[in-house]
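Number of protein chains: 2
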Amino acid sequence: MSETSREKPRAGGGDMRRGLELLWGGHGPGRRGPKQRHSTEEVVLTAIAFADAEGVAALSMRRVADALGVSPMSLYTYVPSRDELVGLMLDRVLGETAAPPPETAGWREALTFIARERWRLAERHPWILDLMGRRPPLGPNLVGNHEVAMRALDGTPLDDLTKDYALDTMQNYLIGAMKEARDAREAERESGLTDEQWFKLAEPALMDLLDPARFPRVLRLGEAFRAAGWGAADPEYKFEFGLSLVLDGIEALIRRAEAAAG
Amino acid sequence: MSETSREKPRAGGGDMRRGLELLWGGHGPGRRGPKQRHSTEEVVLTAIAFADAEGVAALSMRRVADALGVSPMSLYTYVPSRDELVGLMLDRVLGETAAPPPETAGWREALTFIARERWRLAERHPWILDLMGRRPPLGPNLVGNHEVAMRALDGTPLDDLTKDYALDTMQNYLIGAMKEARDAREAERESGLTDEQWFKLAEPALMDLLDPARFPRVLRLGEAFRAAGWGAADPEYKFEFGLSLVLDGIEALIRRAEAAAG
DNA sequence: CGAAACTCCGTACCTTGTAAAGTGTTTTGT
DNA sequence: ACAAAACACTTTACAAGGTACGGAGTTTCG
């Protein structure tokens, strides 16, 4: 069983017309043949359950079909392809972060709120991190989330384009940090070793290889981590650190815009 | 042909002992059987050529073996598994960014230099972006790159741990931005449509679906992009924007550390 | 010289997405 | 009421993938 990415992560290719229709729920009535035994939603939910339990990698048409008690091929009457199914799964799950930040919050609190919501979403559905590429499925929930994020910046003097860039920067950072956390969790579950235990295990082998003259800073860093104890490598701590760093960057941007506006 | 990630991106699982030995080149001589017709390096280079041309997804043991003129199974005498091969490929390629920033540069210029080096590396070997997870292959080049990045922050008052966190934040952002750019390039190549053309194509369908009352800001954003023309969505431009935003965040961090140190 | 260690190969298993074609069911048009 | 169209669903089949297994041949060590 290979462990490496074998297909490009993408979501939302294909017909675009059919895709958007599926996403926005516009499949008119009046079909002719026999009724479907299940619904597209049921298929999507079943698939999400699988992905939650074992990741998108483990999700196969056959297994979903099995779980629904139908033959593999009949899934293709609900969904045009596996990719399209994954797109539907993603937008479905993005709906869980519908809650907007409190109206009273300033932009910084609002973005922090949103970032933490996304963090928790990725904890519940880690597989979404594999699907956040370009040309995502432009479903109602993806669009809704962006609307909410843009609103968080309403009180700032940034123009719309700059707001979008800033949010994009934050999102790029978030994805990286969430992936880091997820991979740590997964590696821990699969190997039975915490990052710390793993590091302690790899350390002696590394010490033989690392030339102190070539890599003095990395070696010092190893010591610093050892001295600081477990907490120092905790993904959630690092997430909050990086988040506030990025928000500081946005703050600088805003201050510059304020200065320019006089 | 599916387009979605079917396996978890990881690099560096496995035996750890054997893996590190392979990475650091310590495979002693004095073997008994017949000489190998090729070398591990040759295998790795061939695999890299494939990945450059068609991505990690398209890289299969069979195809690499074919290119070398051996049977698929004999590759396993050079490399214990496909995953380990991918780990070797990654560290090999990371060696291309060996060039350190000029000594005279301040931390900001140095980090900018490094970030751009990484950007260019990802242009040459886009597939590395699928492999930047936790527990990467701790090869000489990964470690070397981190050493160089840490050195860029030598002149700052940050402690080692904080330097590491800051670099990690930057790297997380970088990965996201580079992925964005890569996916745009790929989608363009595969569909024959620029992002712009694609957006223009999807737009009319979206306009029917987007309720101006629910998504006013997103709709305004669409207009802003249209008004700004091509340049506004250019990944390289966005990359530079986000990079300087993150660097502003690091600058705030440094100033706070300076203030605390008095 | 024998045995061990090694390389390399052919075969085989299992899993995947989905194309193709067939069967049966419901609705539509007349 | 009846034929035809549209649909749901199934079986079968293909090509690709990683790699376990066992065998055949080659080199080196004791």
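Protein sequences appear in the order of chains S and W.
When you line the first sequence up against my numbering, it's residues 1 to 262, in that order.
When you line the second sequence up against my numbering, it's residues 1001 to 1262, in that order.
Beta carbons: idealized from backbone N, C-alpha and C, even for Gly.
request  = Taking Val-79/S and Val-43/S to be in contact with their CB atoms under 8 Å, please state how far apart those CB atoms are, rounded to whole angstroms.
outcome  = Looking up residue 79/S in the first sequence gives position 79. Looking up residue 43/S in the first sequence gives position 43. Val-43/S and Val-79/S do touch by the CB rule: their CB atoms are close to 6 Å apart, below 8 Å.
request  = Show which residues of chain S have a CB atom less than 7 Å away from the CB atom of Lys-1238/W.
outcome  = The residue given as residue 1238/W occupies position 238 in the second sequence. By Cβ distance, chain S contributes Tyr-165, Asp-168.
key: Host alpha helix (DSSP H) of Ile-128/S (start-end)   = Numbered from its first residue, the first sequence carries residue 128/S at position 128. Where Ile-128/S is concerned, there is no enclosing alpha helix (DSSP H), given that its DSSP letter is neither H nor E.
task = Look up Pro-1029/W in the DSSP assignment and say whether it is helix, strand or coil.
result = The residue given as residue 1029/W occupies position 29 in the second sequence. With a pLDDT of only 49 at Pro-1029/W, under the threshold of 50, the placement of this residue in the model should not be trusted, and no figure is reported.
inquiry  = I need the boundaries of the alpha helix (DSSP H) containing Pro-204/S, first residue and last residue.
reply    = The sequence position of residue 204/S within the first sequence is 204, counting from 1. If you look at Pro-204/S, you'll find it in the alpha helix (DSSP H) that goes 195 to 209.
key: DSSP state of Thr-104/S mapped onto helix, strand, coil   = By one-based count along the first sequence, residue 104/S stands at place 104. Assignment of Thr-104/S by DSSP, reduced to helix, strand and coil, places it in the coil class.
Neighbourhood of Phe-50/S by C-beta distance below 8 Å, restricted to the same chain and skipping five residues each side = Against the first sequence, residue 50/S aligns to sequence position 50. Result list for Phe-50/S: Ala-58, Leu-59, Arg-63, Val-64, Ala-67, in chain order.
ask   = If we count the other Cβ atoms within 10 Å of its Cβ and call it buried at 16 or more, is Glu-1258/W buried or exposed?
value = Sequence index remark: in the second sequence, residue 1258/W carries index 258 (1-based). Residue burial is scored here from C-beta neighbours: Glu-1258/W has fewer than 16 other C-beta atoms within 10 angstroms and is therefore classed as exposed.
key: Residue-level contact to chain S via CB, Phe-1113/W, 9 Å cutoff   = On the second sequence, residue 1113/W is found 113 positions in, with the first residue counted as 1. At a cut-off of 9 Å between beta-carbon atoms, Phe-1113/W makes no contact with chain S.
message = Looking at Ala-1177/W: is its Cβ nearer than 9 Å to the Cβ of Pro-1235/W?
response = In the second sequence, residue 1177/W corresponds to position 177, counting from 1. In the second sequence, residue 1235/W corresponds to position 235, counting from 1. Result yes, Cβ atoms of Ala-1177/W and Pro-1235/W sit closer than 9 Å.
Within chain S, the residues that His-1146/W reaches when beta carbons sit closer than 9 Å = Taking the second sequence and counting its residues from 1, the one referred to as residue 1146/W is at position 146. Correct list: Phe-215, Arg-217, Val-218, Leu-221.
task = Put Ser-71/S into one of helix, strand or coil per three-state DSSP.
result = As a position in the first sequence, residue 71/S is number 71, starting the count at 1. Coil.
key: Cα-Cα separation, Ala-1099/W to Ile-1128/W   = In the second sequence, counting from the first residue as 1, residue 1099/W sits at position 99. In the second sequence, counting from the first residue as 1, residue 1128/W sits at position 128. The alpha-carbon atoms of Ala-1099/W and Ile-1128/W are separated by roughly 18 Å.
message = Just to make sure I have the definition right: I need the residues of chain S whose C-beta is within less than 7 Å of the C-beta of Val-1079/W. Which are they?
response = As a working mapping, residue 1079/W is identified with position 79 in the second sequence. Residues of chain S whose Cβ lies closer than 7 Å to the Cβ of Val-1079/W do not exist, since the nearest Cβ in that chain is about 13 Å away.
ask   = How would you list, in chain order, the residues of chain W whose beta-carbon sits under 8 Å from the beta-carbon of Val-64/S?
value = Residue mapping note: residue 64/S aligns to position 64 of the first sequence, counting from 1. What Val-64/S touches in chain W: nothing, since even the nearest Cβ is about 13 Å away.
inquiry  = Counting only beta-carbon separations shorter than 9 Å, does Met-1150/W have a partner in chain S?
reply    = One-based indexing of the second sequence puts residue 1150/W at position 150. With 9 Å as the cut-off, Met-1150/W counts as an interface residue toward chain S.
inquiry  = For Trp-1119/W, would you say it is in contact with chain S, using Cβ-to-Cβ distances shorter than 9 Å as the test?
reply    = Here residue 1119/W is taken as the residue at index 119 of the second sequence, counted from 1. No, because no Cβ of chain S sits closer than 9 Å to the Cβ of Trp-1119/W.
request  = Check the C-beta distance from Ala-1261/W over to Pro-1157/W and give it rounded, since I have them as a contact under 8 Å.
outcome  = As a position in the second sequence, residue 1261/W is number 261, starting the count at 1. As a position in the second sequence, residue 1157/W is number 157, starting the count at 1. Between Pro-1157/W and Ala-1261/W the Cβ distance is about 5 Å, and since that is below 8 Å, they are a contact.
N- and C-terminal bounds of the alpha helix (DSSP H) containing Arg-189/S = By 1-based counting over the first sequence, the position of residue 189/S is 189. Segment 160 to 191, the alpha helix (DSSP H) holding Arg-189/S.
Option nearest Leu-70/S by Cα separation, candidates Glu-109/S, Ala-110/S, Arg-37/S = Here residue 70/S refers to the residue found at position 70 of the first sequence. According to the sequence as given, residue 70/S is Val; it is not Leu. Answer by Cα proximity: Arg-37/S.
request  = Specify the secondary structure class of Tyr-237/S as computed by DSSP and reduced to three states.
outcome  = As a first step, residue 237/S must be located in the first sequence, where it is residue number 237. Under the three-state reduction of DSSP output, Tyr-237/S falls in the helix class.
message = Between Val-93/S and chain W, is the shortest Cβ-Cβ distance under 9 Å, so that the two count as touching?
response = Against the first sequence, residue 93/S aligns to sequence position 93. Closer than 9 Å: no.
task = Let me know the secondary structure DSSP gives Ala-149/S once reduced to three states.
result = As a working mapping, residue 149/S is identified with position 149 in the first sequence. In this structure, DSSP gives Ala-149/S a helical state, which the three-state scheme calls helix.
inquiry  = For a quick check, are the C-beta atoms of Gly-192/S and Asn-141/S less than 9 Å apart?
reply    = The residue given as residue 192/S occupies position 192 in the first sequence. The residue given as residue 141/S occupies position 141 in the first sequence. When the beta-carbon positions are compared, Gly-192/S and Asn-141/S stay at least 9 Å from each other.
key: First and last residue of the uninterrupted alpha helix (DSSP H) at Asp-1154/W   = Within the second sequence, residue 1154/W is the residue found at index 154, counting from 1. It is not in any alpha helix (DSSP H) - Asp-1154/W carries neither H nor E in the DSSP assignment.
task = Classify Tyr-1078/W as helix, strand or coil using the three-state DSSP reduction.
result = For this step, residue 1078/W is matched to residue 78 along the second sequence. Coil, per DSSP.
ask   = How would you list, in chain order, the residues of chain S whose beta-carbon sits under 8 Å from the beta-carbon of Val-1246/W?
value = As a first step, residue 1246/W must be located in the second sequence, where it is residue number 246. Contact of Val-1246/W with chain S by beta-carbon distance below 8 Å involves Thr-169, Tyr-173, Leu-245, Val-246, Gly-249.
key: Cβ-Cβ separation, Met-1061/W to Leu-1075/W (assumed contact under 8 Å), whole Å   = On the second sequence, residue 1075/W is found 75 positions in, with the first residue counted as 1. On the second sequence, residue 1061/W is found 61 positions in, with the first residue counted as 1. With a Cβ gap of about 5 Å, Leu-1075/W and Met-1061/W count as contacting.
key: Delimiting residues of the alpha helix (DSSP H) encompassing Arg-1220/W   = Within the second sequence, numbered from 1, the residue matching residue 1220/W stands at position 220. Here the alpha helix (DSSP H) through Arg-1220/W covers 1216 to 1228.
ask   = Would DSSP call Ser-39/S helix, strand or coil?
value = On the first sequence, residue 39/S is found 39 positions in, with the first residue counted as 1. When secondary structure is reduced to three states using DSSP, Ser-39/S falls in the coil class, being assigned neither helix nor strand.
inquiry  = For Leu-153/S and Ile-114/S, what's the separation of their Cα atoms in angstroms?
reply    = Numbered from 1 along the first sequence, position 153 holds the residue referred to as residue 153/S. Numbered from 1 along the first sequence, position 114 holds the residue referred to as residue 114/S. In a straight line, the C-alpha of Leu-153/S is about 12 Å away from that of Ile-114/S.
ask   = So what does DSSP say about Trp-24/S, is it helix, strand or coil?
value = Position 24 of the first sequence, counted from the first residue, corresponds to residue 24/S. The answer is coil: DSSP assigns Trp-24/S none of H, G, I, E or B.
task = Could you work out which residue in Asp-1248/W, Thr-1097/W, Arg-1108/W, Asp-1164/W is closest to Arg-1120/W when comparing CA atoms only?
result = For the purposes of this step, residue 1120/W is taken as the residue at position 120 of the second sequence. Among Asp-1248/W, Thr-1097/W, Arg-1108/W, Asp-1164/W, the Cα nearest to that of Arg-1120/W is on Thr-1097/W.
query = What is the rounded straight-line gap between the Cα of Arg-1124/W and the Cα of Ile-1175/W?
reply = Residue 1124/W sits at position 124 when you count from the first residue of the second sequence. Residue 1175/W sits at position 175 when you count from the first residue of the second sequence. Cα to Cα, Arg-1124/W sits roughly 14 Å from Ile-1175/W.
query = What do you get for Asp-1208/W, buried or exposed, if any count of 16 or more other CB atoms within 10 angstroms of its CB means buried?
reply = Position 208 of the second sequence, counted from the start, is the residue given in the question as residue 1208/W. Burial call: exposed.
inquiry  = Given this structure, state the Cα-to-Cα distance separating Asp-1211/W from Pro-126/S, to the nearest angstrom.
reply    = Numbered from its first residue, the second sequence carries residue 1211/W at position 211. Numbered from its first residue, the first sequence carries residue 126/S at position 126. Taken atom to atom, the span from the alpha-carbon of Asp-1211/W to that of Pro-126/S is near 30 Å.
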